[in-house]
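Take any residue in the sequence shown, note its place counting from 1, add 188, and you have its number in the working numbering.
Heads up: the structure comes next, in structure tokens.
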Amino acid sequence: TGEVERRVVAQLLTMMDGLEERGQVVVIGATNRLDAIDPALRRPGRFDREIEIGVPDAGGRLEILQIHTRGVPLGSDVDEKYLEEIAKNTQAFVGADLLALVQEAAMRALRRVLPDINLDDDLIPQEKLEQIVLIRSDFENALREIGPSAMREVLVEIPSVKWADVGGLDNVKQEIIEAVEWPITKPEKFVQMGIKPPKGILLFGPPGTGKTLVAQAVANESNANFISIKGPEMLSKWVGESERAIREIFKKARQVAPCVVFFDEIDSIASARSSMSEDAKVSERVVNQLLTELDGLEALKEIVVIAATNRPDMIDPALLRAGRFDRLVLVGQSTREGRRSIFQIHTRNIPLASDVSIDELANITEGYVGADIEAVCREAVMLALRENFNIENVDMKYFMEALNKVRPTLSENLMGYYKKIHELFKGGMPKEETSSYIGYR
């Protein structure tokens, strides 16, 4: 702080709480950088009350929308129910964002009618003015343009993946719905039953089984804010920056709750605290910060943390206890029915010949994970196009050829490795076996 600023602060302190009475004068200050204010101003007698004007909830957003659409000509399809729907789907929008949304929708309504209006006329006919009304499509198009300013630094585009696009992971889906969707949509039930909802879920399993796909489906289906963190981007060479990044993410999540925080490849930032190299010290501090955020004095309300990894043995054990990552879910080998549903999802838009049997393909693809099955379907279409570019249907022979080119990810050794870790997490593995799983790569 410069000398001038110091003198200004000192003068302000004197005027607000000096020898002379202020009289009937009330001072109101506003800021969006609370920590930058001199602490001497933040005590009773000066600024007595600190009122945080946070991000509005669904009810607050509806009230703001009603105010901003009060003088706006709305179409017959934009009723109170539709405004409630917009309020429900505009998480993290603040008042200014909702005003911008209504203004953008109004501009789109104006652009729709503008070609029919002769701007050279002094007077625009009344019937033309009556045509300028905001309809649903105006709001839907405006929502594509206007984003929440409260999430600008960490905003990710919500994926279009739905639970219907996730095949063969029924048990995982149920665990995720219980841990993520229930606490957000039915929090009163947890209060009634006297328990706290789970804080974190760790998805682990072989590559390509659909861990990230599940997180994308959660983002779409849970109707909550979604912050996606790629593990390695958290690490910085500057001391304290990595921990600060973690702290800022959780701070932002608290502001825009309900929120789902997704850590992809969490093993890169939360590896076990053991070695004493310089990199390990950075990782150690990041783990400490994560532990504090997940289970510290500040409770996580309406925030669920999901993490994904295919190297669970590298994660610090302190993160894996109840109260931090409460649920450890193995996303593993699909059953025959699971593979059948994955084939159905990936062949939905492929014109199949009559001889293609999904059941037979599911029977002969033991050890294939979701990513392998997607690759098989893509390769079959490419082989068919290579043979005849004007082909209309893909025959079974192309799928059989594709199976020779795409090898299964899972082997007995790999699944044995993950099953041993799963047993270890459940506490069911004998002590003499616990060291044997670490050597597998």
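From the three backbone atoms N, C-alpha and C, an ideal C-beta is built for every residue, glycine too.
| Asked | Found |
| --- | --- |
| Residues near T622 by beta carbon distance below 8 Å, same chain, minus five either side | In this predicted model, T622 has a pLDDT of only 39, less than 50, meaning its place in the structure is not dependable; the value taken from the coordinates is given anyway. Excluding sequence neighbours, T622 sits near L612. |
| Identity of the residues DSSP links to T497 by a beta bridge | F392 |
| Chain-order list of residues whose beta-carbon lies under 7 Å from that of L423 (same chain, five-residue window excluded) | S430, I457 and V470 |
| The stretch 254 to 270 contacting the stretch 234 to 243, beta-carbon criterion three pairs below 8 Å | no |
| Same chain only: Cβ atoms within 7 Å of D560, ignoring 5 sequence neighbours per side | G396, V594, P596 and T597 |
| Stretch-stretch touch, CB-based, cutoff 8 Å, three pairs: the stretch 355 to 373 with the stretch 383 to 395 | yes |
| Which listed residue (V243, M570, P261 and M203) has its alpha carbon closest to that of V213 | M203 |
| Cβ pair count under 8 Å reaching 3, the stretch 576 to 596 against the stretch 473 to 490 | no |
| For N498, the nearest candidate out of A510, Q404, L516 and D483 (CA to CA) | L516 |
| Contacting residues, own chain, Cβ-Cβ under 7 Å from D528 (five flanking each side not counted) | Sequence inspection shows Arg at residue 528; the Asp mentioned does not correspond to that position. Counting only Cβ-Cβ distances below 7 Å, and skipping sequence neighbours, we find I546, D547 and A550. |
| C-alpha gap between V301 and I320, whole angstroms | 6 Å |
| Within the stretch 527 to 599, ranges of the beta strand (DSSP E) (whole runs, at least 3 residues) | none |
| Outcome for E580 when other beta-carbon atoms lying within 10 angstroms are tallied against a minimum of 16 | exposed |
| E208 in three-state terms, based on DSSP | coil |
| Under 9 Å between C-beta atoms of D452 and A495 | yes |
| Residue(s) in a DSSP beta bridge with V517 | L391 |
| Test item: CB-CB of N413 and P336 under 9 Å | yes |
| Enclosing alpha helix (DSSP H) for F451 [first to last residue] | Where F451 is concerned, there is no enclosing alpha helix (DSSP H), although the beta strand (DSSP E) it sits in stretches over C447 to D452. |
| Simplified DSSP state of I437, which is helix, strand or coil | helix |
| Boundaries (first-last residue) of the beta strand (DSSP E) holding I383 | That residue, I383, is in no beta strand (DSSP E); it is neither H nor E in DSSP. |
| Coarse secondary structure for R195, derived from DSSP in three states | helix |
| Counterpart residues of I491 in DSSP-defined beta bridges | C447 |
| When Y556, P505, R432 and S542 are compared against I530, the one with the closest alpha-carbon | Y556 |
| Pair within 9 Å by beta-carbon distance, G520 and Y606 | yes |
| Whole-angstrom distance between T523 and P500, CA atom to CA atom | 23 Å |
| Beta carbon of A246 nearer than 9 Å to that of A275 | yes |
| Contact check, A632 vs A330, beta carbons under 9 Å | No answer is possible for residue 632: it lies beyond the span of the chain, which begins at 189 and ends at 629. |
| In chain order, each alpha helix (DSSP H) run of at least 4 residues that lies wholly inside the stretch 197 to 267 | 246 to 256 |
| Assigned exposure category for G558 - 16 Cβ within 10 Å defines buried | buried |
| Alpha helix (DSSP H) segments (min. 4 residues) lying fully within the stretch 267 to 323 | 268 to 276, 283 to 301 and 314 to 318 |
| Classification of Q199 by the beta-carbon crowding that lies within 10 angstroms, buried from 16 upward | exposed |
| Spatial distance of T219 from E209 (CA atoms) | 25 Å |
| C-beta contact flag for G242 and Q443 at 9 Å | yes |
| DSSP-derived helix/strand/coil call for K476 | Residue identity differs from the one stated: residue 476 is Asn in this sequence, not Lys. Helix. |
| C-alpha gap between G248 and M570, whole angstroms | 52 Å |
| beta-carbon P500 near the ligand HEM non-hydrogen atom, thresh 8 Å | Absence of the ligand HEM is noted for the structure shown, with no ligands found whatsoever. |
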